[in-house]
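A.B. asks:
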Amino acid sequence: MQPSPSKPNNGAASRSPRQDAMALMARAEAGELEAVLAGFAPLPVASDLKPPEVGLVMLRGRTGGDGAAFNLGEATVSRAAVRLEGGASGFAYRLGRDVKAARAAAILDALWQDETRRAEVDAALAPVRARLAVQAAQVRAETAATKVDFFTLVRGED
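Under full-length UniProt numbering, the first residue of the sequence shown is numbered 1, with each subsequent residue one higher.
1. Straight-line CA distance for residue 180 to V134?
2. When the Cα of T40 is compared with those of L125, A130, R129, R140, which residue comes out closest?
3. Where does V54 fall in DSSP's three states?
4. Quick one: using the 10 Å Cβ neighbour count with 16 as the cut-off for buried, is R155 buried or exposed?
5. Report buried or exposed for R32, applying the criterion of at least 16 other Cβ atoms within 10 angstroms of its Cβ.
6. Measuring CA to CA, which of G65, E53, R79, R60 is closest to G73?
7. Within 10 Å of its beta-carbon, does D109 have 16 or more other beta-carbons around it, so buried, or fewer, so exposed?
8. Drop a sphere of 10 angstroms on the beta-carbon of R18, count the other beta-carbons inside from all chains shown, and report buried for 16 or more, exposed for fewer.
9. Which same chain residues end up closer than 7 angstroms to D98 when comparing Cβ atoms and leaving out the 5 residues on each side of it in sequence?
10. Classify L49 as buried or exposed, calling it buried when 16 or more other Cβ atoms lie within 10 Å of its own Cβ.
11. Taking 8 angstroms as the threshold (C-beta atoms), are L95 and A75 in contact?
12. Tell me which residue opens and which closes the beta strand (DSSP E) that G90 is part of.
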């Protein structure tokens, strides 16, 4: 069963392992992607299926997180599609205008799809995953510090 487009799906439980890897590469810093790629030297030759490009996507919002959807605004994204000499294709979308980082993420996606290199790619991306987990924990801690617990006092009525 496909998730309904009218309901947000913020959880990672329904994502495939490839979607998780692609999301990780989309959130990695450009320098982190370049460092990971450098670890795979010599890289197989990668040809562009389409030249890397920059475009816009519409961001959708929901009042209260579950209300009616509305157009919040647009965001700049870079996308890349590559094919390695072995035949594997890789794709990437990243926020921002850095087409080199999008191409690096697409190459890593193609490498990840090769079952013989998947564990190696996952291991190389482990520091990125750890950094993002630390950042998420910091945001949760900062948010928890602002939490207000409301309670009602019961007044004695005669």
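Yeah, the Cβ is synthetic: ideal placement off N, Cα and C, and Gly gets one too. These numbers come from a predicted model, not from an experiment.
C.D. replies: In terms of the structure at hand:
1. The structure shown does not extend to residue 180, since the chain spans only 1 to 158, so no value can be given for it.
2. Residue mapping note: residue 40 aligns to position 40 of the sequence shown, counting from 1. One detail in the question is off: residue 40 reads as Phe in this sequence, not Thr. Taking only the C-alpha atoms, the option nearest F40 is L125.
3. Numbered from 1 along the sequence shown, position 54 holds the residue referred to as residue 54. DSSP places V54 in strand when its eight states are reduced to three.
4. Residue numbering aside, residue 155 sits at position 155 when the sequence shown is read from its first letter. Under this definition R155 is an exposed residue.
5. The residue labelled residue 32 in the question sits at position 32 within the sequence shown. It should be pointed out that residue 32 corresponds to Glu in this sequence rather than to Arg. Buried: at least 16 other Cβ atoms inside 10 Å.
6. Counting from 1 along the sequence shown, the entry for residue 73 is found at position 73. Cα-wise, what sits closest to G73 is R60.
7. Residue numbering aside, residue 109 sits at position 109 when the sequence shown is read from its first letter. It is buried - the Cβ of D109 has at least 16 other Cβ atoms within 10 Å.
8. In the sequence shown, residue 18 corresponds to position 18, counting from 1. Under this definition R18 is an exposed residue.
9. On the sequence shown, residue 98 is found 98 positions in, with the first residue counted as 1. Cβ within range, chain order: A30, S78.
10. For the purposes of this step, residue 49 is taken as the residue at position 49 of the sequence shown. Exposed: under 16 other Cβ atoms inside 10 Å.
11. For the purposes of this step, residue 75 is taken as the residue at position 75 of the sequence shown. For the purposes of this step, residue 95 is taken as the residue at position 95 of the sequence shown. Yes.
12. The sequence position of residue 90 within the sequence shown is 90, counting from 1. Here the beta strand (DSSP E) through G90 covers 89 to 95.
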